[in-house]
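Residue 36 in UniProt numbering sits at position 36 of the sequence shown, and the numbers go up by one each step.
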Amino acid sequence: MNVNIRPASSPDDCQAIGETYFQAYYGLSWFQHVNAEVNPEDIKNLMSTIASVLLEQSNGLVLVAEQDGQIVGHLMAWERANVHAWELENGSKNPYYNPRVTTNLRGRTFSRWVDQQAGIRKFAEQVEGQHGRFMFIDTIAVLPEFQHQGIGRKLFRHATEKARSSSLSVALASPQESLQACEKLRLAPMSNPIVSRDDDRFQLVPTMLMA
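Right, dumping it as structure tokens:
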């Protein structure tokens with residue numbers, strides 16, 4: 001199987017990322033629970049928008065996996081710092097604070113988003129305190145029919161190589177259901193799960209790449 005990993009570069013790539021994200025995660029129970037009240041098209045548009053925002057940022061990384069002209073997977077990440085770097089992140093360095101992203105978040109979805117981002121900011125403070133600035137991997141997604149073929153590992157390897165070339169550590173926050181996949185990538189839990197205040201079933205486990 002010949003899969004090409006390349007940087008995303010166009011609006012079509014961003015739209016494909018939204019579709020890939022939805023198809024990859026839709027079958028997981030945590031995803032269906034968290035997004036039970038959300039229109040699927042809104043989820044796709046949200047992730048497409050985040051990808052497009054990251055493409056505009058010097059600290060952003062958006063990779064796609066392509067086979068025979070079809071995008072079958074993606075990875076989105078960015079360099080970030082801790083809670084004390086407020087001006088940096090509010091200057092659109094964290095795509096989740098970009099108005100094009102937050103405008104489309106409503107009600108319970110917005111509440112969980114606030115909880116999640118607050119938890120990740122605390123996690124970022126912990127990582128930077130121990131390791132300095134780092135690359136935060138937001139999503140890795142592969143279409144269901146292309147999973148278990150090493151595509152996610154290839155995307156992850158490209159991202160970690162880029163991080164190490166800039167002397168950055170690598171971290172992400174993973175749903176419980178994905179921890180086994182994280183272990184295969186040599187990511188280890190490093191703190192307590194991030195839990196939503198309004199729903200303790202919504203949990204993310206902070207993990208970090210082992211040396």
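Glycine included, each C-beta is placed from N, C-alpha and C at the ideal position.
Selection from the options that minimises the alpha carbon distance to residue i
| i | options | result |
| --- | --- | --- |
| H33 | W78, Q15, R157, E177 | E177 |
| A16 | W30, E41, N35, H148 | E41 |
| K162 | T102, Q117, L75, H148 | L75 |
| residue 220 | R157, E183, R100 | Residue 220 lies beyond the residue range present for the chain, which begins at 1 and ends at 211; the question has no answer from this structure. |
| N45 | N35, E19, E125 | E19 |
| N98 | E145, G132, M47 | M47 |
| I71 | Q149, V3, C182 | V3 |
| S167 | R133, R121, F22, N35 | R133 |
| K184 | R164, G150, S165 | G150 |
Neighbourhood of residue i by C-beta distance below 6 Å, restricted to the same chain and skipping five residues each side
| i | result |
| --- | --- |
| S52 | C14 |
| G152 | I140, V142 |
| F31 | Y25 |
| V195 | Q203 |
| G119 | I194 |
| H131 | S169 |
Close beta carbons around residue i, own chain, < 7 Å, minus the five adjacent residues each side
| i | result |
| --- | --- |
| T160 | V170, L209 |
| P193 | Q203, L204, V205 |
| Q117 | Y96 |
Beta-carbon separation (whole angstroms), residue i vs residue j, contact threshold 8 Å
| i | j | result |
| --- | --- | --- |
| L187 | L172 | 7 Å |
| A8 | L55 | 6 Å |
| D115 | R6 | Not really, about 34 Å apart at Cβ, beyond 8 Å. |
| P144 | G27 | 7 Å |
| G73 | F146 | 7 Å |
| H158 | L63 | 6 Å |
Same chain, Cβ closer than 8 Å to residue i, five either side skipped, listed in chain order
| i | result |
| --- | --- |
| R180 | The residue asked about is misnamed: residue 180 is Gln in this sequence, not Arg. Here the set comprises nothing. |
| W78 | L54, Q57, N59, G60, L61, K93, N94, P95, M135, F136, D138 |
| P11 | S52 |
| S191 | F123, Q126, P206 |
What are the uninterrupted segments assigned as beta strand (DSSP E) that are 3 or more residues long and contained completely in the stretch 123-163, given in chain order? 134-142
Going residue by residue through the stretch 11-76, where are the continuous alpha helix (DSSP H) segments of at least 4 residues, counting only ones entirely within it? 11-25, 29-34, 40-55
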